[in-house]
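If you're matching them up, the sequences are chains A and B in order. Taken in order, the first sequence gives residues 1 to 276; the numbers are from the working numbering. Taken in order, the second sequence gives residues 1001 to 1144; the numbers are from the working numbering. We put the beta carbon where it would ideally sit given N, CA and C, even for glycine. These numbers come from a predicted model, not from an experiment. In what follows, a structure is listed as structure tokens, so that the remarks can point back to it.
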Amino acid sequence: MMQEVYEVPYVIEAQNLGYQVGQQKLLNGINLRVKKGEHWLIYGMNGCGKTTLLSILAGFRQQTQGELKVFGDEFTADNVLEKRQKIGWISSSFFDTKYRHERVRDIVLSGKFGTYGIDWDISSKDENRVKDLLTALGLEDKQHLSYDRLSKGQRQNVLIARAFMGQPEILLLDEPYSGLDVLAKARFMELLEKLMQNKDLTVLFVSHEINDVSKAFDNTLMLRNGRCFAQGKTEDLFQTANLSAFFQQSVEVGTKEETLIKPTDERKQLKMDLFL
Amino acid sequence: MQEKAEKRVEMLKKRVKRCVCKSCGGKLSLRQLDYNEFEDARIEIFCDNCDRLEFGIEPEIYTSAQYYVDEFRVNMYPDMGNNQLTRRMSIASISDIMSWALQNMGYLTKEGFSVPPDMEGKILRECIVLDDQMVDELEQELSP
């Protein structure tokens, strides 16, 4: 009897992806194939095109070159919002340019629709989910405030809540620790660790911080000046020779000491079941 | 294939014509937020006065909420003081409550006010309307 082999589908397939504004090529020739459940690190220095790449993968911008399939097919007018609803995207560098005076509640609710603003069909279940997520992230009294009245860390937490308003199948995390205080970072790291145990959830984590490199990311795409510098297994890429070539200067790879502070007070820990 | 997307954009266009901002009562407009090929992905309703994305509310609801807040001196956010901001936030909150009630009674739909009320699947439908005979029967049941 033949044993049936289950082929894990690709959820992201980018071929020769590029993005150009005027004469400036922000991204050029990116090839990326991500299978369902994989964890990728997208690593690069400031301005190398990381946020641009994620905004295209999330369906908020369109490539000017190449092909992109997400969940098996291209973005179309008919499916763009449906696909966005299944992609949890946290990016303060993107959303801080879109949101200013919008109410926190509306921003979180927009995650359900895959839009920037809200739509008609809002149920009591949705309203309660907004409250639960904001409470879990310490923003229970902020839901009627406008985005620009919050601190950078609080805004980041609003975007985390927005990403989890739906049931994301792909999580795109654009420097998610940016602006978070030490405890909030520890809580989010713990949450991420738990989320990554879900074999159906695909995670793409963007960072320019070498300390964010973890064994939890099976694969890495290294970006430099909008182009792919290297792509492969994380442990293979983060070696002295490769990193020296990447930074164009001699570097040494050290060992990371465990200095992370973890909250032990259960009352102040994230309610994981809201996100899982 | 594009039917769904066109429907949403059409709905937004109608709302802009019909509704007002639920914070300031001002006129709404459509704004393109991105250079995206798909209308659905880039167009949202905006209040130029508040300078923000705003889904809007029927003007009749806004006027009633404004009247309620001003006449009854309602402040839903006393912790934030008593000022123009809390007044606007209170009007928006009352507008939300009124809108919810009207929707659930079937008087307000995606297309605006609906007469007769669309009770399909709404809370009002779950109410029991007692006629004289049913009242009499209930009284008999309850009498010792």
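My output table needs one value for residue i: the three-state DSSP class, helix, strand or coil.
| i | result |
| --- | --- |
| residue 211 of chain A | helix |
| residue 33 of chain A | strand |
| residue 1001 of chain B | Unreliable placement is indicated for residue 1001 of chain B, whose pLDDT of 44 sits below 50; no coordinate value is reported for it. |
| residue 1138 of chain B | helix |
| residue 1016 of chain B | helix |
| residue 282 of chain A | Chain A is shown only over 1 to 276; residue 282 of chain A falls outside these bounds and no answer can be derived. |
| residue 97 of chain A | coil |
| residue 92 of chain A | helix |
| residue 1110 of chain B | coil |
| residue 239 of chain A | coil |
If you check the beta carbons only, do residue i and residue j fall under 8 angstroms apart?
| i | j | result |
| --- | --- | --- |
| residue 36 of chain A | residue 8 of chain A | yes |
| residue 171 of chain A | residue 201 of chain A | yes |
| residue 213 of chain A | residue 234 of chain A | yes |
| residue 181 of chain A | residue 51 of chain A | no |
| residue 54 of chain A | residue 206 of chain A | yes |
| residue 179 of chain A | residue 92 of chain A | yes |
| residue 164 of chain A | residue 192 of chain A | no |
| residue 110 of chain A | residue 162 of chain A | yes |
| residue 1056 of chain B | residue 1043 of chain B | no |
| residue 114 of chain A | residue 84 of chain A | yes |
| residue 1112 of chain B | residue 1062 of chain B | no |
| residue 1090 of chain B | residue 1069 of chain B | yes |
| residue 232 of chain A | residue 211 of chain A | no |
| residue 136 of chain A | residue 274 of chain A | yes |
| residue 227 of chain A | residue 29 of chain A | yes |
| residue 120 of chain A | residue 1014 of chain B | no |
| residue 142 of chain A | residue 156 of chain A | no |
Where do the N-terminal and C-terminal ends of the alpha helix (DSSP H) with residue i fall, by residue?
| i | result |
| --- | --- |
| residue 1051 of chain B | Element bounds for residue 1051 of chain B: n/a, residue is neither H nor E. |
| residue 157 of chain A | 152-163 |
| residue 19 of chain A | No alpha helix (DSSP H) contains residue 19 of chain A, which is instead part of the beta strand (DSSP E) from 10-21. |
| residue 1084 of chain B | 1084-1104 |
| residue 185 of chain A | 182-195 |
| residue 319 of chain A | Missing from the structure shown is residue 319 of chain A; chain A here goes from 1 to 276 and no further. |
| residue 1066 of chain B | 1059-1071 |
| residue 252 of chain A | Element bounds for residue 252 of chain A: n/a, residue is neither H nor E. |
| residue 104 of chain A | 104-113 |
| residue 134 of chain A | 124-136 |
Where do the N-terminal and C-terminal ends of the beta strand (DSSP E) with residue i fall, by residue?
| i | result |
| --- | --- |
| residue 1045 of chain B | 1043-1047 |
| residue 229 of chain A | 227-233 |
| residue 1077 of chain B | Premise fails: residue 1077 of chain B is in no beta strand (DSSP E) and is neither H nor E. |
| residue 219 of chain A | 219-224 |
| residue 43 of chain A | 39-44 |
| residue 174 of chain A | 170-174 |
| residue 70 of chain A | 65-70 |
| residue 1029 of chain B | 1028-1032 |
Report back the beta-carbon spacing between residue i and residue j to the nearest angstrom; my notes put them in contact at under 8 angstroms.
| i | j | result |
| --- | --- | --- |
| residue 95 of chain A | residue 159 of chain A | 6 angstroms |
| residue 1047 of chain B | residue 1058 of chain B | Actually they are not in contact, since the Cβ atoms of residue 1047 of chain B and residue 1058 of chain B sit about 15 angstroms apart, beyond 8 angstroms. |
| residue 32 of chain A | residue 221 of chain A | 6 angstroms |
| residue 68 of chain A | residue 49 of chain A | The Cβ separation is near 15 angstroms, so there is no contact. |
| residue 10 of chain A | residue 34 of chain A | 7 angstroms |
| residue 216 of chain A | residue 101 of chain A | At roughly 37 angstroms, the Cβ-Cβ gap does not stay under 8 angstroms, so residue 216 of chain A and residue 101 of chain A are not in contact. |
| residue 1049 of chain B | residue 1021 of chain B | 7 angstroms |
| residue 1030 of chain B | residue 1012 of chain B | 6 angstroms |
| residue 144 of chain A | residue 103 of chain A | 6 angstroms |
| residue 66 of chain A | residue 16 of chain A | 4 angstroms |
| residue 176 of chain A | residue 90 of chain A | 5 angstroms |
In chain E, which residues lie less than 7 angstroms from residue i when you measure between Cβ atoms?
| i | result |
| --- | --- |
| residue 1037 of chain B | Chain labels in this structure do not include chain E; the protein chains are A and B. |
Hey, would you say the C-beta of residue i is under 7 angstroms away from at least one heavy atom of the ligand SAM?
| i | result |
| --- | --- |
| residue 249 of chain A | With respect to the ligand SAM, the structure offers nothing, as it holds no ligand at all. |
> Got a sec: which bits of the region 1043-1074 of chain B sit with their beta carbon under 7 angstroms from any beta carbon on chain A, in order along the chain?
Replying inline: Listed in sequence order: 1044, 1045, 1050, 1051, 1052, 1053 and 1055.
>> Which residues of the region 81-99 of chain A have a Cβ closer than 9 angstroms to any Cβ of chain B? Give them in chain order.
In response: Listed by position, the residues of the region 81-99 of chain A near chain B (Cβ gap below 9 angstroms) are 81, 82, 84, 98 and 99.
> What residues in the region 1010-1040 of chain B bring their beta carbon closer than 8 angstroms to a beta carbon of chain A?
Replying inline: 1011, 1033, 1034, 1035, 1036, 1037, 1038, 1039 and 1040
>> Using a Cβ-Cβ cutoff of 7 angstroms, what residues of the region 1078-1089 of chain B are near chain A? List them in chain order.
In response: Those residues of the region 1078-1089 of chain B that come within reach of chain A (Cβ to Cβ, closer than 7 angstroms) are 1089.
>> For the region 1108-1119 of chain B, list every residue whose C-beta sits within 8 angstroms of some C-beta in chain A, in sequence order.
In response: Answer set for the region 1108-1119 of chain B: 1110.
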